[in-house]
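Report on one structure; see the data block that follows.
In my numbering, the protein residues as written are 2 to 181.
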């Protein structure tokens, strides 16, 4: 519930947004490879299935957040804040683009991200087995899922993608078919 609010910070002193912004800026000075398009921050989210809301507490969310940070890169700078939106409980995490005072990139290649998701989920299953509805099959692409390009096109045009049109036609044919 809202009364279980917490703020998790890691390698970032201060208690106010202004102080945190200043710390992120100061850390950016350590960047080894300066480019005009470098990443200052990333926005990452931990979320749980709405059917697990009854079993989810602020303490559990904070424990999961701390484990995520530990597994993600404990040399990074983070500010994490929970958000309760109806029964959609999640944590917004602001992570620095570079490690704390080293200038080394915190970029996470796809393979490392996949491992991170699996490791965090494994921790959750061990520590909080009651959050069983939040278990997902990481690494298994959903059937019918759109590529980013298809999704962006659909957002711009508001029309079904070619793939969706074919799937819709196949589903219609399948429903009307009298045999396989």
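Using N, Cα and C, we set each Cβ at its ideal position, and we do this for glycine too.
Taking the straight line between their C-alpha atoms, what separation do you get for residue i and residue j?
| i | j | result |
| --- | --- | --- |
| residue 159 | residue 169 | 16 Å |
| residue 30 | residue 148 | 36 Å |
| residue 7 | residue 38 | 32 Å |
| residue 84 | residue 65 | 14 Å |
| residue 1 | residue 13 | Given a span of 2 to 181 for the chain in the structure shown, any question on residue 1 remains unanswerable. |
| residue 156 | residue 128 | 39 Å |
| residue 165 | residue 109 | 31 Å |
| residue 174 | residue 86 | 40 Å |
| residue 2 | residue 11 | Low confidence applies here, because residue 2 scores a pLDDT of 49, under 50, leaving its location unreliable; read the following figure in that light. The straight-line gap from Cα to Cα measures roughly 23 Å. |
| residue 163 | residue 153 | 13 Å |
| residue 82 | residue 125 | 18 Å |
| residue 133 | residue 80 | 27 Å |
| residue 230 | residue 161 | This structure cannot settle anything about residue 230, because the visible part of the chain is limited to 2 through 181. |
| residue 94 | residue 176 | 45 Å |
| residue 26 | residue 59 | 29 Å |
Might you give, ordered along the chain, the residues of its own chain that have their beta carbon closer than 6 Å to the beta carbon of residue i, omitting 5 neighbours on each side?
| i | result |
| --- | --- |
| residue 74 | 107 |
| residue 102 | 31 |
| residue 172 | none |
| residue 135 | 49, 50, 53 |
Any idea which residues DSSP pairs residue i with across the strands?
| i | result |
| --- | --- |
| residue 44 | 95 |
| residue 90 | 85 |
| residue 79 | 11, 96 |
Are the CB atoms of residue j and residue i within a distance shorter than 8 Å?
| i | j | result |
| --- | --- | --- |
| residue 28 | residue 62 | no |
| residue 90 | residue 54 | yes |
| residue 121 | residue 41 | no |
| residue 45 | residue 115 | no |
| residue 92 | residue 47 | yes |
| residue 67 | residue 9 | yes |
| residue 151 | residue 56 | no |
Excluding the 5 residues flanking residue i on each side, which residues of the same chain have their C-beta closer than 8 Å to its C-beta?
| i | result |
| --- | --- |
| residue 105 | 33, 76, 99 |
| residue 137 | 122 |
| residue 167 | none |
Give me, in chain order, the residues of the same chain whose beta-carbon lies closer than 7 Å to that of residue i; leave out the 5 immediate sequence neighbours on both sides.
| i | result |
| --- | --- |
| residue 15 | 21, 24 |
| residue 178 | none |
| residue 36 | none |
The beta strand (DSSP E) that contains residue i, what's its start and end?
| i | result |
| --- | --- |
| residue 60 | Looking at the DSSP string, residue 60 is not in any beta strand (DSSP E); the run it does join, the alpha helix (DSSP H), is 59–74. |
| residue 103 | Residue 103 -> no beta strand (DSSP E), and no H or E assigned at all. |
| residue 9 | 9–11 |
Go to residue i, then tell me how far its alpha helix (DSSP H) extends in each direction, as first and last residue.
| i | result |
| --- | --- |
| residue 173 | 163–177 |
| residue 117 | 111–128 |
| residue 28 | 18–29 |
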